[in-house]
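*Asks:* Okay, here's the structure, questions in a sec.
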Amino acid sequence: MKIQKITLKNLNSLAGTWTLDLSHPAYTDDGIFAITGPTGAGKTTILDAVSLALYGRTPRLSRISTSTNEIMHRQAADCLAEVEYLTATGTYRCTWAQERAHRKADGNLQQPRHEIADAATGEILATKKREVQQLVEESCGMDYERFTRSVMLAQGAFAAFLHASPDERSPLLEQITGTEIYSEISIAVHTRTRTEREELAVLKAEAEGIILLSPEERERLYQSRTDLAVAGAALTEEIATVRDGIVWHRDMARITTEISAIGAERADLVEQTALAQEGLRRLETDARAAALQGDYRSLATLRAAQDHDHLALEGHREDLTALREARLQAESEVSKQQAALTGARAAAGAMAPVLREAREFDLRIKAASERVDELDQAFREEEEGWTQAAAALRQILAAGIRGGTGDESGSFLAAQGITGAPAEEYGALCRAAVTLSGTPDDAAADAGGALTHACDETERRITELQASLAAVPSYRDPAVIRREETAAQQAKTRLILLLEGIGRLQQDRDRRAELAARIRETERDLEAGKAALGVCRKRMNDKERLIREMEENARNVAIIKNYEEERRHLREGEACHLCGATSHPFTTGDGLPRDGTEELQREQEALARIREEDTSLRTAIVRGESVLEGARREQADIDARAEAARSTWAVACRENGLDAGAADQSEEVRSALGGIEERFLRIEAEERGVAACTHILRATETLILHCRQAVAARQKWRVSASRRAEGAADLSCLRERRRLLPLDSDPATMEERMSREIRMAEEAMETAREDHMAALHAITGREGEMRNLEGALLHRGKEIAQKERSFAAMLGNAGFTGEEEFVSSLLSPGERAVLETERSRLTAWGAGLDGRVRSAFAEREAHLLRSRPSAVMAALKEGLTALSAAHEENAAAIGEVRQQLTSDERERARSGEQQRRIDCQRAETDRWEQLHTLIGSADGKKFRNYAQGLTFERMVAAANRQLRVMSDRYILVRSAETPLDLSVIDNYQGGRIRSTRNLSGGESFLVSLALALGLASMASGRVRVDSLFLDEGFGTLDDDALEMALSTLTSLRDQGKLIGVISHVPALKERIGTTISVRRSGGGTSVLEGPGIARLRT
């Protein structure tokens, strides 16, 4: 992960919108930069913006909501933090923002907005808080806690990873190095082993639930199945015999019933045939008429055609009369249109010469008019050019040369020994220009010539003056003045710094005197404190010895009191079984020693007070020694600065020509500063003179240019006016000659009108001719059609007469008396179809009955020849019922036995298969049990700790490589008891192993820095840490350690890493070249300065 760009708005004291581009070459080239500024200016706010944009919180502010936001600028209505960062999966832009209601600084806080987008395409990837956090962690490979321990090392949390517990280090290593797969594997092995155990137990339980038959039971069932099969076969044979008898009786009854039904059906056939006789007769007559129907249809067709042609012939005769009248009218119209066409053509021929002459005049007038327009446009343009040139000239004349450039240029030229007055040349030219701009039009030509001559003379004199000025170095190259001014400014700066150094040297002398007095006073206080400490130590030793004696006495008294139970059995005069004494004074309580508990407590309180006094004295001595050491160190620093100041004074004297032995060094420096101020005044005067000459010369050149432009513009305007007048005169002459032609309208209009009249006459003539020809064609056609109809009627009449005679003979031969009887005998197709269907049905019905009768009698004869059963139908049915019941019972018994045997076979097969599965599962379970013994655990720690131990070993090795560069004193090692715990080997103490919790502040910083760099140097497929930000911590290092730490951080540039540090250590700020400065600007706000920083306007 590498931070590319940071954008923040209204965060703490950084009001407004700021962008910091960390891809700027200043950062990528150096690889390290410092954020500097006074305390509270807003340095840490830059780093807060990074964590706020990514995780919605900062190391100093863990909660931001609609009720509290301590990071928003107090006078702002909104705030924003945005970070663009690069990972192995792409470039992302994460934004966090919050606003107040109504965009007012006192409005209620609104819900914060958090989103992440693809920086390359701008596509928004997530806007919900939970989804944004998930995508940030997936892209960065770290959550907030791990981010602040490996990338953003905030104030007070730099050594967080060093002092973290093993359980806290484990998730961080897991995210940084991608070893979470080992936790997943360990948990998966544990889960799989439990699943395999459960599966084996289930298989064993299922095997125990399978029940098998004994061999004796199987043998009995096989014998029973054989006996039942024999009895079943006998029953089946008897049932078949009875069923055959029943079938004989049923077939005989069926045949008898069928013969009776055929007789009844025969009677119905006879009755229906009698009812259909009339229709059958009509069908026969229709058959005779149908034979003649084709001839009759042909005759009817001829008769219809003959009637149609008679009607058509009458209609044609009426149409022919009307067509002949139309032909006569068309002939009259043709003659009329021919005369009109001849008159139109004669009129057009007479006007043709006049129209040609008028068209030529119109073309010449149009060309002349366009020429006049062009000349008029050119005149207006030239007039506008002259007006603008005259106005520009008057404006320049009115402006003149501002300021005192004339006097300053004269002084400069006199100082350089150059003759000439550029201001006078400029004035003379101005007077000539005023003459041109104020002259009437008729005299402008003379004024233009005079002004042109004045411009030529002025240019010549200016050229001579510039040739003289070219020999002056300061005029030829203005950089000469700037270099002299820069040298004077540098000398002034050195003298001012020297003067300040002299003042500080005096302050150091006063301070050294104060320190000497303090050292003497502190030494006296230390001697007195040490003497008091010796007395206090003697009192404490005496008091401790007294308390030990009192405690021993109290223990002895307690022992004596503990024998109270034994003392109850003692009797006065009887010997004690322990000591043999016959007197027992303790039995009555007399003679018991006092335990001294109260005195002991008082003495212990007194000892505590003495110890407090001892601690106070030792603390005061340590504090005094520290003050003494600090004073002596400051005194040595003052002596070193005094020595450096003496060397600086000697160098300054040589550089600035000062008196090294002057009694009053400050007065000597102030005198030199006065000389430099006089030098500044001389340089400024010379610079003003050069500027004045340059200004006047440029103004004169500009005036010459405008004068020449004005003269040229006036000349062009006068020529354009003359040309415009000539063009207008030519156009007027042409228009007068055109007006004298005998035309009442435009030639094109008249020509178009005459052409239209001729065209209309021709079209009317053509239409009349077409109408006449159409009438002729219609008459001819109609006469031909009449002749064709008359011929057809004559021929068809003869054919009809012949066919009528032939058809009458056919009717007589078929038995018909005439054409009317023939027509009435014909049936419609529907009637004919119905009668034919009925006849077919009756015929088929009779034939079917005859066949069925023959078949039934033959079947009865054959049935009587079969063996007849001895029993009647009812007896056979009763016997069949009894036999069927017995057969079903036999079949049920056989099925039951067969089911028992089949079930036993199935269970035996299942038992064998189950045992095989148990064997396979037992082998699989044993395999997972072995793996579980090695790496399996419910929480994943067994395999994870082993794998992370290896990763931790790599990280410690990487950290030691960085630590070795900074110090040869310490070596990091893993704890033998806890794989993820750290210890250090102190080479300066004989290789003694120390806990990291006992390191000093500077030692902790070096070790933590080495660990952070070790983490940053390690990369997996998921996380690569290429940005590291350190907030404070360098103040605990001495100069040598600081130099080594900075060298180590700078060397990371070759690995493509970027390091940002915040510190108040002066040496750090001087050592790092690239710096972001946070500067207070008043009103509780600050501004950012540095490479790649821009303030956006919103």
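If you want this note's numbering, it's the position in the sequence shown, counting the first as 1, plus 17. Even glycine gets a Cβ: it sits at the ideal position worked out from N, Cα and C.
With distance defined between alpha-carbon atoms, name the residue in A879, H327 and E215 nearest to E807.
*Replies:* Nearest of A879, H327 and E215 to E807, Cα basis: H327.
*Asks:* Can you check DSSP and say which residues form a bridge with F50?
*Replies:* Paired residue(s): G1077.
*Asks:* Just curious, the beta strand (DSSP E) that D135 is in, first and last residue?
*Replies:* R130 to D135 is the span of the beta strand (DSSP E), which, as asked, contains D135.
*Asks:* Within this structure, are the beta carbons of A114 and D95 separated by less than 8 Å?
*Replies:* Against a cut-off of 8 Å, the Cβ pair of D95 and A114 comes out as a contact.
*Asks:* Report the three-state DSSP secondary structure of L852 (helix, strand or coil).
*Replies:* Helix.
*Asks:* Classify F874: buried if its beta carbon has 16 or more other beta carbons within 10 angstroms, exposed otherwise.
*Replies:* Exposed.
*Asks:* Find the nearest neighbour of G744 within the set V668, G296, A105 and F396, judged by alpha-carbon distance.
*Replies:* Residue F396 is the option with its Cα nearest to G744.
*Asks:* Tell me, please, whether the segment 1082-1089 touches the segment 62-71 by the rule of three or more beta-carbon pairs shorter than 8 Å.
*Replies:* Touching, no, given that fewer than three Cβ pairs across the two stretches are closer than 8 Å.
*Asks:* Excluding sequence positions up to five away, which residues of its chain have a Cβ less than 6 Å from the Cβ of F50?
*Replies:* Y44, G1077 and T1091.
*Asks:* Alpha carbon to alpha carbon, how far is R883 from I263?
*Replies:* If I take the Cα positions, the gap works out to 13 Å.
*Asks:* Can you tell me which of the three DSSP states T108 falls into?
*Replies:* T108 falls in the strand class under three-state DSSP.
*Asks:* Among the residues of its own chain, which have a CB less than 6 Å from the CB of L918, if the five just before and after it don't count?
*Replies:* Correct list, in chain order: L238.
*Asks:* State the CB to CB distance for the pair Y641 and G546, rounded to an integer number of angstroms; the pair is presumed to be in contact (CB under 8 Å).
*Replies:* For clarity, residue 641 is Gly in the given sequence; the question names Tyr instead. With 8 Å as the limit, G641 and G546 qualify as a contact, their Cβ atoms being about 7 Å apart.
*Asks:* Taking Cβ positions, are A778 and L358 nearer each other than 8 Å?
*Replies:* Yes; because the gap between Cβ atoms is below 8 Å, this pair is in contact.
*Asks:* Are at least three pairs of beta-carbons, each pair with one atom in the segment 345-357 and one in the segment 781-796, less than 8 Å apart?
*Replies:* Judged by Cβ distances under 8 Å, the segment 345-357 makes contact with the segment 781-796, as three or more pairs qualify.
*Asks:* May I ask you to report which of helix, strand or coil DSSP gives L999?
*Replies:* Note: L999 maps to strand in three-state DSSP.
*Asks:* Would you call the CB atoms of Q965 and A224 closer than 8 Å?
*Replies:* Their beta carbons are not under 8 Å apart, which means Q965 does not touch A224 by this criterion.
*Asks:* Could you pull the start and end residues of the beta strand (DSSP E) that S1094 belongs to?
*Replies:* Looking at the DSSP string, the run of the beta strand (DSSP E) that includes S1094 is T1092 to G1099.
*Asks:* If L1075 and K19 are in contact, beta carbons under 8 Å, what's the gap, nearest whole angstrom?
*Replies:* Contact flag correct, Cβ pair sits at about 7 Å.
*Asks:* Give the secondary structure of L1103 by DSSP, where H, G and I count as helix, E and B as strand, and everything else as coil.
*Replies:* Before going on, a small fix: residue 1103 reads as Ser here, not Leu. S1103: strand per DSSP, three-state reduction.
*Asks:* Any chance the segment 315-322 sits against the segment 892-911, with 3 or more Cβ pairs inside 8 Å?
*Replies:* No: the two stretches stay apart, fewer than three of their Cβ pairs being nearer than 8 Å.
*Asks:* Determine whether the beta carbon atoms of E2 and A293 lie at a separation below 8 Å.
*Replies:* Look at the range of the chain in this structure, 18 to 1115, and you will see that residue 2 is not part of it.
*Asks:* Taking three-plus beta-carbon pairs below 8 Å as touching, is the segment 252-261 in contact with the segment 969-986?
*Replies:* The segment 252-261 vs the segment 969-986: no contact.
*Asks:* Got a sec? Which residues, its chain only, sit under 7 Å from R388 by beta carbon, not counting five neighbours each side?
*Replies:* Taken in chain order, the residues that qualify are G744.
*Asks:* Which residues in the same chain as S3 place their Cβ atom closer than 6 Å to its Cβ, once the five residues preceding and following it in sequence are excluded?
*Replies:* Limits of the chain in this structure are 18 at one end and 1115 at the other, which puts residue 3 out of reach.
*Asks:* State the DSSP-derived secondary structure class of G957, mapped to helix, strand or coil.
*Replies:* Here G957 sits in coil by DSSP.
*Asks:* Measuring alpha carbon to alpha carbon, tell me which of Q127, L372, L1105 and A891 ends up nearest E768.
*Replies:* Considering only alpha carbons, the answer is L372.
*Asks:* Could you tell me how far apart the beta carbons of E1136 and A70 are, in whole angstroms, since I believe they sit closer than 8 Å?
*Replies:* Outside the shown range of the chain (18 to 1115) lies residue 1136, about which nothing can therefore be said.
*Asks:* Does the Cβ-Cβ distance between M771 and A356 come in under 8 Å?
*Replies:* No, Cβ-Cβ distance for M771 and A356 is not below 8 Å.
*Asks:* Nearest-angstrom Cα distance between Q523 and T665?
*Replies:* C-alpha separation (whole angstroms): 15 Å.
*Asks:* Compute the Euclidean distance between the alpha carbons of L690 and D38, then round it to the nearest angstrom.
*Replies:* In a straight line, the C-alpha of L690 is about 44 Å away from that of D38.
*Asks:* With a CB to CB cut of under 8 Å and the five nearest residues on each side skipped, what residues in its chain are close to A460?
*Replies:* Residue placement at A460 is poorly supported in this model, since its pLDDT is 46, which falls under 50; the coordinates are not used for a value here.
*Asks:* Please give me, in chain order, every unbroken run of the beta strand (DSSP E) with length at least 3 that falls completely inside the segment 53-131.
*Replies:* For the segment 53-131, whole beta strand (DSSP E) runs of length 3 or above, ordered along the chain, are 95-104 and 107-116.
*Asks:* Looking at C-alpha atoms only, which residue of T942, I141, H1081 and R1114 is the closest neighbour of E216?
*Replies:* Cα-wise, what sits closest to E216 is T942.
*Asks:* Provide the residue(s) that pair with F1046 in DSSP beta bridges, ordered along the chain.
*Replies:* Per DSSP, M169 and G1077.
*Asks:* Closest to R658 by CA distance: which of I1110, D525, Q732 and A730 is it?
*Replies:* Answer by Cα proximity: D525.
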